[in-house]
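Working notes, beginning with the structure itself.
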Amino acid sequence: MDSSMHPYRSVLYIPGSKERALDKARSLPTDAIIFDLEDAVAPDAKAEARQLLVETLRQGGYGKRSKIVRINALTTEWGLEDARALRDAGADAILLPKVNTSSDIDNLSDVIGSDLPIWTMMETPVSAFNAREIASHAQVAGLVAGTNDLTKDLGCRTRADRLPLMTALQMIVMAARAARIVVVDGVYNRFRDGDGLKAECEQGRDLGFDGKTLIHPAQVEIANTAFAPTNSEIELAARQIAAYEESRASGQGIAVVDGQIVENLHVVAAQRIQAKARAIAEMAAE
Ligand code: COA
Ligand code: MG
Numbered sequence: 001m002d003s004s005m006h007p008y009r010s011v012l013y014i015p016g017s018k019e020r021a022l023d024k025a026r027s028l029p030t031d032a033i034i035f036d037l038e039d040a041v042a043p044d045a046k047a048e049a050r051q052l053l054v055e056t057l058r059q060g061g062y063g064k065r066s067k068i069v070r071i072n073a074l075t076t077e078w079g080l081e082d083a084r085a086l087r088d089a090g091a092d093a094i095l096l097p098k099v100n101t102s103s104d105i106d107n108l109s110d111v112i113g114s115d116l117p118i119w120t121m122m123e124t125p126v127s128a129f130n131a132r133e134i135a136s137h138a139q140v141a142g143l144v145a146g147t148n149d150l151t152k153d154l155g156c157r158t159r160a161d162r163l164p165l166m167t168a169l170q171m172i173v174m175a176a177r178a179a180r181i182v183v184v185d186g187v188y189n190r191f192r193d194g195d196g197l198k199a200e201c202e203q204g205r206d207l208g209f210d211g212k213t214l215i216h217p218a219q220v221e222i223a224n225t226a227f228a229p230t231n232s233e234i235e236l237a238a239r240q241i242a243a244y245e246e247s248r249a250s251g252q253g254i255a256v257v258d259g260q261i262v263e264n265l266h267v268v269a270a271q272r273i274q275a276k277a278r279a280i281a282e283m284a285a286e
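This is the structure:
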C-alpha cells in the first residue's frame, strides 16, 4: 500500500489565493497539502490564484510533503486552463472534483498526460456507486471523501456520528483498499473544536482511512496523532512478529501473544504498522 511508504495522516487544504497560508504551510508538520483552486477560491480570484500557485510550486520549499493540486472540474470555465497550467508545475498529483465516472478521469488524462497521478474527490452520490470503477482506474492514486458536498447532495443531516454518510464512506474506503490506493476522510468544519475533530479522526481511522483532510493549521497535530500507530500498537506489533517467528522456527503456524492468536495475516498487519511508523519517522526527520 502506497500509504505505508508516505503517510497521509494530515492533508491540509490551502486556498490557492492565500499567499500567507501558502507560505505558512512550508513549516507546518502536515503530511500532504491540497492546494485548492476550486471551492476555496472565489470566481473572480481564480485566474490570479492559478498563476500564484504555479509560481509557488515552482518556488518549492515544501520538503517531503505531498503536493496535490485541486483544480476546478473540467465542465467549468476554469478547469481546462487549470489543468494545462498545473500539469508541469511540480505537483505530485492533480485532484479532480465532482468526479462521477472513470470517463471524467480519462478527460483529465487527455489534458495532463498519463504520468501525473490523479486523485479524485468522492463527493457525489454517483461517485459512491461508481467508487470501484473510479478507484481502479490506472492513473488514480488517491480518493478524498468530500463530506460537505455529499451531505448537500444527499440532503442528510450533519450528525456527530456521521451515520447518514456511513454507506458512502465505507464504499469509498472499500474501493480504495480493493485498488490499493490512498484514501482520506472529509473535513471537520468546526476548526476550533479540537475534541470534536479528535473524535471524528478516530472514527475515520477506525473505518480504515489513511488520514483526514483539514482546513486549518490547528487541526494538523490532532490528525497526525489520531492516524499514527500508537506506541503500544508498535510495541505489540514487534512482539507479535517475534513470537510468530519463534513459533515458525519450532514448526508451528500460530503463536499466542497477550491471549490472542497470531497468524500469518496478523504478521502482515503488524509489518504494516511498523512500515507506517517508519514512514512517519522519516517525515519527522526532515
Ligand atoms: N493552510 C495554511 N495556513 C492557514 C490555513 C490553511 N488552510 N488556514 C489558516 N492558515 C494560517 C493563516 O494564514 C494564519 O497565518 P498567520 O498566523 O501567518 O497570519 C494562521 O494560519 C491563523 O489563521 P486564523 O486567523 O486562525 O484563520 P482565519 O480566520 O484567517 O481563516 C479559514 C480561517 C477557515 C477561512 C481558513 O483557515 C481557510 O481558508 N481554510 C481553508 C479552507 C479551504 O481550503 N476550504 C476548501 C476545502 S473544504
Ligand atoms: Mg466539494
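In terms of the UniProt record's numbering, the sequence shown opens at residue 1 and continues consecutively.
The C-beta atom is built at its ideal place from N, Cα and C for all residues, glycine as well.
It should be emphasised that the depicted structure is a prediction, and the values quoted were computed from it without experimental measurement.
Can the beta-carbon of V257 be found closer than 8 Å to that of A275?
-> Here residue 257 is taken as the residue at index 257 of the sequence shown, counted from 1. Here residue 275 is taken as the residue at index 275 of the sequence shown, counted from 1. No, the Cβ-Cβ distance between V257 and A275 is not below 8 Å.
Output the distance between the C-alpha atoms of V267 and Q240, rounded to the nearest integer angstrom.
-> Position 267 of the sequence shown, counting from 1, holds the residue named residue 267. Position 240 of the sequence shown, counting from 1, holds the residue named residue 240. Those two C-alpha atoms are separated by around 7 Å.
Contained alpha helix (DSSP H) runs [length at least 4] in the segment 31-84, N- to C-terminal order | 46-59
What residues in its chain sit with their C-beta under 8 Å from that of S4, if we drop five residues either side in the sequence?
-> Start at 1 with the first residue of the sequence shown, and residue 4 comes out as number 4. Since pLDDT at S4 reaches only 49, below the 50 mark, its modelled position is unreliable, and the value read off the structure follows with that caveat. If we look at S4 and ignore the five residues flanking it on each side, its Cβ neighbours are R272, A275, K276, A279.
If we count Cβ pairs, one from each stretch, closer than 8 Å, do we get three or more for the segment 116-131 versus the segment 151-167?
-> yes
CB contact flag (W119, A91, <8 Å) = Residue 119 sits at position 119 when you count from the first residue of the sequence shown. Residue 91 sits at position 91 when you count from the first residue of the sequence shown. No. Outside cutoff.
Taking C-beta to C-beta, are I34 and I71 nearer than 8 Å?
-> If you number the sequence shown from 1, residue 34 lands on position 34. If you number the sequence shown from 1, residue 71 lands on position 71. Taking 8 Å as the Cβ cut-off, I34 and I71 do not qualify as a contacting pair.
Measuring CB to CB, does E202 end up less than 8 Å from A228?
-> In the sequence shown, counting from the first residue as 1, residue 202 sits at position 202. In the sequence shown, counting from the first residue as 1, residue 228 sits at position 228. Going by C-beta atoms, E202 is not nearer than 8 Å to A228.
Got a sec: does the ligand MG put a non-hydrogen atom nearer than 7 Å to the Cβ of N148?
-> Residue mapping note: residue 148 aligns to position 148 of the sequence shown, counting from 1. The answer is yes for N148.
Looking at the structure shown, is M1 part of a helix, part of a strand, or coil, going by DSSP?
-> For this step, residue 1 is matched to residue 1 along the sequence shown. Here the model assigns M1 a pLDDT of 40, short of 50, so the residue's position is not dependable, and the following value carries that caveat. Note: M1 maps to coil in three-state DSSP.
Classification of M1 by the beta-carbon crowding that lies within 10 angstroms, buried from 16 upward = The residue labelled residue 1 in the question sits at position 1 within the sequence shown. With a pLDDT of 40 at M1, under the threshold of 50, the modelled position of this residue cannot be trusted; read the value that follows with caution. Looking at its Cβ environment, which holds fewer than 16 other Cβ atoms inside 10 Å, M1 is exposed.
Which residues count as close to the ligand COA when the rule is a CB under 6 Å from any of its heavy atoms, in chain order?
-> L12, Y13, I14, P15, R20, A21, K24, A25, D36, D39, A40, V187, F191, I215, H216, P217
Got a sec: does the ligand MG put a non-hydrogen atom nearer than 7 Å to the Cβ of P97?
-> Within the sequence shown, numbered from 1, the residue matching residue 97 stands at position 97. Yes - the ligand MG has a heavy atom lying nearer than 7 Å to the Cβ of P97.
Is DSSP giving Q203 helix, strand or coil here?
-> On the sequence shown, position 203 is the one that residue 203 refers to. The answer is helix: DSSP assigns Q203 an H, G or I state.
Examine the ligand MG and report whether any of its heavy atoms sits within less than 7 Å of the Cβ of M121.
-> Residue 121 sits at position 121 when you count from the first residue of the sequence shown. M121 Cβ: within cutoff of the ligand MG.
Minimum C-alpha distance to S109 - residue among T124, A73, M122 = The count along the sequence shown starts at 1 and reaches residue 109 at position 109. Closest by alpha carbon: A73.
Assign P43 to one of two classes, buried (16 or more other C-beta atoms within 10 Å of its C-beta) or exposed (fewer than that).
-> Along the sequence shown, one-based indexing puts residue 43 at 43. Answer is exposed; the Cβ neighbour count stays below 16.
Specify the secondary structure class of G194 as computed by DSSP and reduced to three states.
-> Residue mapping note: residue 194 aligns to position 194 of the sequence shown, counting from 1. Of the three classes helix, strand and coil, the one that applies to G194 here is helix, per DSSP.
For P15, write down the residues that DSSP places opposite it in a beta bridge.
-> One-based indexing of the sequence shown puts residue 15 at position 15. Paired residue(s): D36.
D185 - containing beta strand (DSSP E), residue span = Counting from one through the sequence shown, the residue named residue 185 turns up at place 185. Counting along the chain, the beta strand (DSSP E) containing D185 begins and ends at 182-185.
Go to L95, then tell me how far its beta strand (DSSP E) extends in each direction, as first and last residue.
-> Here residue 95 refers to the residue found at position 95 of the sequence shown. Residues 93-96.
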